[in-house]
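Trainee: For the record, in the sequence shown the residue sitting at position 73 is 105 according to the numbering used here, with numbers rising by one throughout. Beta carbons are placed, not taken as given, at the ideal position from N, Cα and C, and that holds for glycine.
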Amino acid sequence: MSHDCLSSGQLVTYQSHHQQAPTDEAVTLQLDMKNMLNMILDDIRNLKASQATKAAALHLWLDKIVLVMTQLPERLKEAEARVSQLEDQLVSTQKLVSHLEKQNESLETKSEVLENRSRCSNLQIVGVPKGWASQQVVQWVDSFIRSQVIPDFSGDLSITRGHCVPPHRLPIAVSTYYFG
Numbered sequence: 033m034s035h036d037c038l039s040s041g042q043l044v045t046y047q048s049h050h051q052q053a054p055t056d057e058a059v060t061l062q063l064d065m066k067n068m069l070n071m072i073l074d075d076i077r078n079l080k081a082s083q084a085t086k087a088a089a090l091h092l093w094l095d096k097i098v099l100v101m102t103q104l105p106e107r108l109k110e111a112e113a114r115v116s117q118l119e120d121q122l123v124s125t126q127k128l129v130s131h132l133e134k135q136n137e138s139l140e141t142k143s144e145v146l147e148n149r150s151r152c153s154n155l156q157i158v159g160v161p162k163g164w165a166s167q168q169v170v171q172w173v174d175s176f177i178r179s180q181v182i183p184d185f186s187g188d189l190s191i192t193r194g195h196c197v198p199p200h201r202l203p204i205a206v207s208t209y210y211f212g
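1. So for residue 192, helix, strand or coil by DSSP?
2. Looking at residue 191: is its Cβ nearer than 8 Å to the Cβ of residue 174?
3. Who are the near neighbours of residue 92 in its chain, counting only those whose CB is closer than 6 Å to its CB and skipping five residues on each side?
4. Please name the residue, chosen from 188, 189, 194, 180, that lies closest to residue 169 on a Cα-to-Cα basis.
5. Is DSSP giving residue 97 helix, strand or coil here?
6. By how many angstroms is the C-alpha of residue 128 removed from the C-alpha of residue 188?
7. Is residue 157 helix, strand or coil by DSSP?
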């Protein structure tokens, strides 16, 4: 009768004294099985070492993911604060743009009014003799307005310039600060 037992990674066979000695084929089979068992044990050890290395790398990645995930709420708060600040600035800027558009429209209107008023201060007199110098035109227009247009006006006409339009031809253009 034969008893097999596994001791310290080796297969040991005990035989009782009644049986015959194992054949060469049985010994070879027993050695092959022993070698296969040792190969399987080596493969298991290698697999454990490989899995431990992969598990360590996986733990590193998981630690990084956890770190990023713990930072997300703070980063989200910062982003929300920046968005809120930009929205507030946008509202303020929109109000300013609206105010500036109204102010620009008002200034354009005033500019048109002032331009039209400045044109009202210009006189064009037709039928003036040829050949007068600019200073002579100013003096002649002043005396002409006082004698022919408004005889009892005694104030200052504030004539700033006078010239023939086109130069040295009729009519005469005169610009004043005001005339009323």
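Mentor: Checking against the coordinates, here is how it stands:
1. Reduced to three states, the DSSP call for residue 192 is strand.
2. Residue 191 is a Cβ neighbour of residue 174, given a cutoff of 8 Å.
3. Cβ within range, chain order: n/a, list empty.
4. Between residue 169 and the set 188, 189, 194, 180, the nearest pair of CA atoms involves 194.
5. Residue 97: helix per DSSP, three-state reduction.
6. Roughly 45 Å separates the two Cα atoms.
7. In the three-state scheme derived from DSSP, where H, G and I count as helix and E and B as strand, residue 157 is classed as strand.
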